[in-house]
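Asks: Okay, here's the structure, questions in a sec.
Numbering (UniProt numbering), first residue to last: 1 to 305.
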């Protein structure tokens, strides 16, 4: 749908009204402040658009996106998208490959992340759990965190099984529901938030093997019924996985752990053993992290972010 010229496009769930107020219009006595209010709204809109561009490019990974792809994905006028990416590139938040003309995240994003990392020790707190699961199952174990309508891979520990599954790299982003860990996070949300996430990610779903809005709704229902999420080759051929969220005392879960292996291995007794280990470890780690939520709790509590 083409956005109205008097409103911004609905980017990342944020709709900013920039309708101009005309002198003399009724506004409860606030007319003299209308220009300042309008400038504030426009500034907020620009910030939200820049953040949306960064998140979109982060989700697409190292290959990046061309300018027209950014504009189309976010329903922006091309000149608006050009202005945003040029500003971000000037600040080294984005970098342009001169051969492919694709934009990817720049080094300033990495440096800013390093500055923030001491405040978010989630990876360090969870790593012993991931290691135990990898040792017990021999499979790949992933730590996923909800970030708005996406799931981010925070950590990955490889088990001893000789055939390895490298389905996710640390820092990679997936649409909620795309994969066992991401599906567990989606199913943990209220129904209204599930529908919002599915709608927000509709443009991304075709890149996955066997995922559609209808299929996601079916998988959410199954995950809630079973108590864990499954991914049977729905994202990557010959790779299957199971995932569970870490329980929280307050609010929807926003951290999950998944175990992935080749599809022929994730069956029968091995599946049962992996499920038992995953359930035991997620329950214990959830209790531990709830005790430490002052340090990092709330980092993903805004389900509309």
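Virtual Cβ for every residue (Gly too), placed ideally from N, Cα, C.
Could you tell me if residue 269 is buried or exposed, where buried requires 16 or more neighbouring beta carbons within 10 angstroms of its beta carbon?
Replies: Here the question's residue 269 lines up with position 269 in the chain shown. When all chains shown are included, residue 269 counts as exposed.
Asks: Using C-beta distances below 6 angstroms, list every residue in its chain close to residue 141, excluding the 5 sequence neighbours before and after it, in chain order.
Replies: The count along the chain shown starts at 1 and reaches residue 141 at position 141. So the qualifying residues of the chain are 130, 133, 134, 157, 259.
Asks: With which residues is residue 245 paired in a DSSP beta bridge?
Replies: In the chain shown, residue 245 corresponds to position 245, counting from 1. The partner list for residue 245 (beta bridge, DSSP) reads 256.
Asks: Would you tell me roughly how many angstroms separate the C-alpha atoms of residue 170 and residue 263, rounded to the nearest one?
Replies: Numbered from 1 along the chain shown, position 170 holds the residue referred to as residue 170. Numbered from 1 along the chain shown, position 263 holds the residue referred to as residue 263. So the alpha carbons of these two residues sit roughly 22 angstroms apart.
Asks: Would you kindly report the start and end of the unbroken alpha helix (DSSP H) that includes residue 77?
Replies: In the chain shown, counting from the first residue as 1, residue 77 sits at position 77. Segment: none, residue 77 is in no alpha helix (DSSP H) and carries neither H nor E.
Asks: Tell whether a beta-carbon distance below 8 angstroms holds between residue 256 and residue 185.
Replies: Locating residue 256 in the chain shown gives position 256, where the first residue counts as 1. Locating residue 185 in the chain shown gives position 185, where the first residue counts as 1. The answer is yes: Cβ separation under 8 angstroms.
Asks: Using the C-alpha atoms, what's the distance from residue 228 back to residue 145?
Replies: As a working note, residue 145 is residue 145 in the chain shown. As a working note, residue 228 is residue 228 in the chain shown. Those two C-alpha atoms are separated by around 16 angstroms.
Asks: Touch check for the segment 90 to 106 and the segment 215 to 231: three-plus C-beta pairs under 8 angstroms?
Replies: No contact exists between the segment 90 to 106 and the segment 215 to 231.
Asks: How many Å lie between residue 173 and residue 279 at the Cα?
Replies: On the chain shown, position 173 is the one that residue 173 refers to. On the chain shown, position 279 is the one that residue 279 refers to. Cα-Cα distance, rounded: 24 angstroms.
Asks: At what residues does the alpha helix (DSSP H) containing residue 199 begin and finish?
Replies: Numbered from its first residue, the chain shown carries residue 199 at position 199. From DSSP, the alpha helix (DSSP H) with residue 199 extends over 191 to 200.
Asks: By alpha-carbon positions, which one of 82, 77, 112, 80 ends up nearest to residue 93?
Replies: The residue given as residue 93 occupies position 93 in the chain shown. Taking only the C-alpha atoms, the option nearest residue 93 is 112.
Asks: Go to residue 145, then tell me how far its beta strand (DSSP E) extends in each direction, as first and last residue.
Replies: Translated into the one-based positions of the chain shown, residue 145 becomes position 145. Element bounds for residue 145: 140 to 147.
Asks: Can you say whether residue 90 is buried or exposed, counting buried as having 16 or more other CB atoms within 10 angstroms of its CB?
Replies: Translated into the one-based positions of the chain shown, residue 90 becomes position 90. Counting Cβ neighbours within 10 Å, residue 90 comes out exposed, since fewer than 16 surround it.
Asks: Reducing DSSP to helix, strand and coil, say where residue 103 ends up.
Replies: Taking the chain shown and counting its residues from 1, the one referred to as residue 103 is at position 103. In the structure shown, residue 103 sits in a strand (DSSP, three-state: E or B).
Asks: Could you give the DSSP three-state label for residue 47: helix, strand or coil?
Replies: Along the chain shown, one-based indexing puts residue 47 at 47. Helix at residue 47.
Asks: If we call anything under 8 angstroms between Cβ atoms a contact, is residue 103 one with residue 57?
Replies: Counted from its first residue, the chain shown places residue 103 at position 103. Counted from its first residue, the chain shown places residue 57 at position 57. Yes; because the gap between Cβ atoms is below 8 angstroms, this pair is in contact.
Asks: Between the C-alpha atoms of residue 266 and residue 245, what's the straight-line distance to the nearest angstrom?
Replies: Here residue 266 is taken as the residue at index 266 of the chain shown, counted from 1. Here residue 245 is taken as the residue at index 245 of the chain shown, counted from 1. Using only the alpha carbons, I get a separation of about 19 angstroms.
Asks: Starting from residue 276, follow the beta strand (DSSP E) in both directions and report where the run begins and ends.
Replies: Residue numbering aside, residue 276 sits at position 276 when the chain shown is read from its first letter. No beta strand (DSSP E) contains residue 276, which is instead part of the alpha helix (DSSP H) from 268 to 291.
Asks: Please report the straight-line C-alpha distance between residue 16 and residue 49, rounded to a whole angstrom.
Replies: Locating residue 16 in the chain shown gives position 16, where the first residue counts as 1. Locating residue 49 in the chain shown gives position 49, where the first residue counts as 1. Confidence at residue 16 is low in this model, with a pLDDT of 29, below 50, so the placement of that residue should be treated as unreliable; the coordinate-derived value is given next. In a straight line, the C-alpha of residue 16 is about 10 angstroms away from that of residue 49.
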